[in-house]
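If you're matching them up, the sequences are chains F and Z in order. Just so we're aligned: the first sequence equals residues 394 to 653 in the numbering used here. Just so we're aligned: the second sequence equals residues 94 to 375 in the numbering used here. Beta carbons: idealized from backbone N, C-alpha and C, even for Gly. Predicted, not measured: the structure shown is a model, and the values here were computed from it.
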Amino acid sequence: MPEQTAYTADEMMTVAAARMVRNGVACFVGIGLPSAAANLARLTHALDTVLIYESGTIGTKPAVLPLSIGDGELSETADTVVSMVEIFSYWLQGGRIGLGFLGAAQIDRFANINSTVIGDYSSPAVRLPGAGGAPGIAASCGEVLITLRQNKRAFVEKLDFVTSGGYLEGGDSRERMRFPGKGPTAVITDLGILTPDPATKELVLTSVHPGVSVESVISATGWPLKVAPSVETTHAPTEDELAVLRDLQERTARAHSGQA
Amino acid sequence: MARILPLKEAVQEFVRDGDTVALEGFTHLIPFAAGHEIIRQERRNLTLVRMTPDVIYDQMIGAGCAAKLVFSWGGNPGVGSLHRLRDAVENGWPRPLALDEHEHAGMAARYAAGASHLPFGVLRGYLGTDLPTHNSNVKFIDCPFTGERLAAVPAIRPDVTIIHAQKADRRGNVLMWGVVGVQKEAVMAAARSVVVVEEIVDDLHAPPNSAVLPSWVVGAVCCVEGGAFPSYAQGYYSRNNAFYKGWDRISRERESFQAWMDRHVIGTADFEGFMKSLERHA
Chain F
394 MPEQTAYTAD EMMTVAAARM VRNGVACFVG IGLPSAAANL ARLTHALDTV
444 LIYESGTIGT KPAVLPLSIG DGELSETADT VVSMVEIFSY WLQGGRIGLG
494 FLGAAQIDRF ANINSTVIGD YSSPAVRLPG AGGAPGIAAS CGEVLITLRQ
544 NKRAFVEKLD FVTSGGYLEG GDSRERMRFP GKGPTAVITD LGILTPDPAT
594 KELVLTSVHP GVSVESVISA TGWPLKVAPS VETTHAPTED ELAVLRDLQE
644 RTARAHSGQA
Chain Z
94 MARILPLKEA VQEFVRDGDT VALEGFTHLI PFAAGHEIIR QERRNLTLVR
144 MTPDVIYDQM IGAGCAAKLV FSWGGNPGVG SLHRLRDAVE NGWPRPLALD
194 EHEHAGMAAR YAAGASHLPF GVLRGYLGTD LPTHNSNVKF IDCPFTGERL
244 AAVPAIRPDV TIIHAQKADR RGNVLMWGVV GVQKEAVMAA ARSVVVVEEI
294 VDDLHAPPNS AVLPSWVVGA VCCVEGGAFP SYAQGYYSRN NAFYKGWDRI
344 SRERESFQAW MDRHVIGTAD FEGFMKSLER HA
């Protein structure tokens, strides 16, 4: 390992995810890890990115990360705030949004995601929050990025419930269902980056973060993970990326710790 | 014309056992004071409708008010699970809870259909998700013009919708701003409606195109200052994110939940009493 500023695996994940947000894109942002990454992008290389949260806040520029999808910070700093019917009809279904940025509890090899239940739907072992706006975001945004931590509980052979469709059964099955958007283009984890094979649409490990071995990514995956012929090493976070991210998270922690 | 009533009387008159009740407000303007009053008045067998159940429905479900939940995202935003909702779904406590589960776009379409007095809403939705497999309230139809396959979801027509807004005038015209969610559609879709406001003023000073609900589409207006706490009312107070984080611990176990509800909600007369009780035990 070359000498560099120490950083955590989560910081690497957020930085790697942020780098994938193109400047100027209209980005529908999920709460949590996607929100951190999208805001880091807006504060570093993608200054003109239009952040949209499903509360109807369009072009929002929060100084601290929102805890909920509709914090006052989002509407106060938005270009416009629209109703629920409008955001999902005119903006998302209307095809105005280039990038969807989602998290997930579980993912499979075709980037389908589960955020509904672990176990049987009618008598679940764990009841998760459910779909929210994710199925529409996954279907209708021009493309989708997914970010989550990689381990065998999250990267599973078979989902208990498909909440939002990625490439379904793989191959051309998404195209046959006539989804408006082209689907997930990358999955960014705390270990590396996976991208879909152009033909089979199965996720392939294309990059590992510094210090992470290909074997350790394979063993954190619940299916036999395909590996690209030459796996790249993700560039470590720059000092600037880390400074901006830590500053953002520090401001956020301060803002959310007010007395109940 | 809306009548201006104390919240206790409005809930007595407008909310009945077995009703389909929508307490809307997307993260913002969540009618906590009204939800607490429904708990105090021990309404039962309610079908609760809300895109995001949030802490208010967690409290109502845990208190035994609900038989069914119509929703699209049931978590504690940014924190994790709603433990009382989970306990009802996973273990049937304090009673089993039927689910009518959707994606947000579908719930928005259902409210819009209800407000429009149409039988169903149509959208390019539920693509690639297992939701339709488990919910007979999602069907697919062919567009009569293009043949495209589209999702159809039945209109929501609540018996009563309750929302929170920033202000009303003395005639009962209601003004709200900021994240307005589906509040307007939920009121327009309902047979009866109650709006809780932060203040009642002589003049709304509402510019054209403001989100105004005219008095004659509202049943009752109730003034409860701070009544959306721990959510927020833009221009009045911020979301209390620390409360949402703290709810995780309070609600995790049945005993701690019940003790908290007994002390702060059931054991207090009204929302002012609730807020004072929280302060006393802070």
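Give a yes or no on whether 7 Å exceeds the smallest Cβ distance from residue i to chain Z.
i: Q486(F); result: yes
i: I581(F); result: no
i: Y560(F); result: no
i: R520(F); result: yes
i: A532(F); result: yes
i: M406(F); result: no
i: P395(F); result: Residue placement at P395(F) is poorly supported in this model, since its pLDDT is 46, which falls under 50; the coordinates still yield a value, given next. No, its Cβ sits nowhere closer than 7 Å to a Cβ of chain Z.
i: L596(F); result: no
i: D464(F); result: yes
Is any heavy atom in the ligand MG found nearer than 6 Å to the beta carbon of residue i?
i: I500(F); result: In terms of ligand content, the structure shown is empty, and the ligand MG therefore cannot be addressed.
Applying the criterion that 16 or more other CB atoms from any shown protein chain within 10 Å of the CB defines a buried residue, is residue i buried or exposed?
i: A375(Z); result: exposed
i: P395(F); result: Residue placement at P395(F) cannot be trusted, given a pLDDT of 46 that sits under 50; the coordinates are not used to answer.
i: F572(F); result: buried
i: C236(Z); result: exposed
i: K551(F); result: exposed
i: M406(F); result: buried
i: W484(F); result: buried
i: D110(Z); result: exposed
i: H298(Z); result: exposed
i: Q134(Z); result: exposed
i: N302(Z); result: exposed
i: W309(Z); result: exposed
i: A636(F); result: exposed
i: Q652(F); result: Low confidence applies here, because Q652(F) scores a pLDDT of 42, under 50, leaving its location unreliable and the question unanswered by this model.
i: F277(Z); result: According to the sequence shown, residue 277(Z) is Lys rather than Phe. Buried: at least 16 other Cβ atoms inside 10 Å.
Look up residue i in the DSSP assignment and say whether it is helix, strand or coil.
i: G168(Z); result: strand
i: R546(F); result: coil
i: D553(F); result: coil
i: Y446(F); result: strand
i: Q105(Z); result: helix
i: Q327(Z); result: coil
i: M570(F); result: coil
i: L460(F); result: coil
i: Q134(Z); result: coil
i: E643(F); result: helix
i: F238(Z); result: coil
i: D295(Z); result: coil
i: G128(Z); result: helix
i: L485(F); result: helix
i: G564(F); result: coil
i: P528(F); result: helix
i: L426(F); result: helix
i: K594(F); result: coil
i: K161(Z); result: strand
Going by DSSP, which residues form a beta bridge with residue i?
i: V314(Z); result: I97(Z) and V288(Z)
i: A258(Z); result: V290(Z)
i: E372(Z); result: BP columns for E372(Z) are empty, so no partner.
i: Q499(F); result: N507(F)
i: I586(F); result: I581(F) and S600(F)
i: H121(Z); result: Y325(Z)
Does any residue of chain F have a CB that is nearer than 7 Å to the CB of residue i?
i: P170(Z); result: yes
i: E117(Z); result: no
i: A103(Z); result: no
i: E325(Z); result: The sequence given here has Tyr at residue 325(Z), not Glu. Yes, Y325(Z) lies at the interface with chain F (some Cβ there is under 7 Å from its Cβ).
i: R373(Z); result: no
i: R179(Z); result: yes
i: H357(Z); result: no
i: S344(Z); result: no
i: A85(Z); result: Only positions 94 to 375 of chain Z appear in this structure, which leaves residue 85(Z) out of reach.
i: W166(Z); result: yes
i: V253(Z); result: no
i: S331(Z); result: yes
Discussion item. Beta carbons nearer than 8 Å to chain Z: which residues of the stretch 436-458 of chain F have them?
Written reply: Here the close residues are E447, S448, G449 and T450.
Fill in: Interface residues of the stretch 220-241 of chain Z facing chain F [CB-CB below 7 Å]
When CB distances to chain F are screened at a threshold of 7 Å, the residues of the stretch 220-241 of chain Z falling below it are L220, G221, T222, D223, L224 and H227, in chain order.
Worksheet entry | chain F contacts from the stretch 261-282 of chain Z (Cβ-Cβ distance under 9 Å) | Of all residues in the stretch 261-282 of chain Z, W270, G271, V272, V273, G274, V275, Q276, K277 and E278 have a Cβ within less than 9 Å of some Cβ in chain F.
Worksheet item: Quick one, which residues of the stretch 300-322 of chain Z are near chain F if we go by CB-CB under 9 Å, in chain order?
Response: Those residues of the stretch 300-322 of chain Z that come within reach of chain F (Cβ to Cβ, closer than 9 Å) are A304.
Worksheet item: Given a limit of 9 Å on CB to CB distance, which residues of the stretch 129-145 of chain Z reach chain F?
Response: For the stretch 129-145 of chain Z, which is checked against every Cβ of chain F, the residues closer than 9 Å are M144 and T145.
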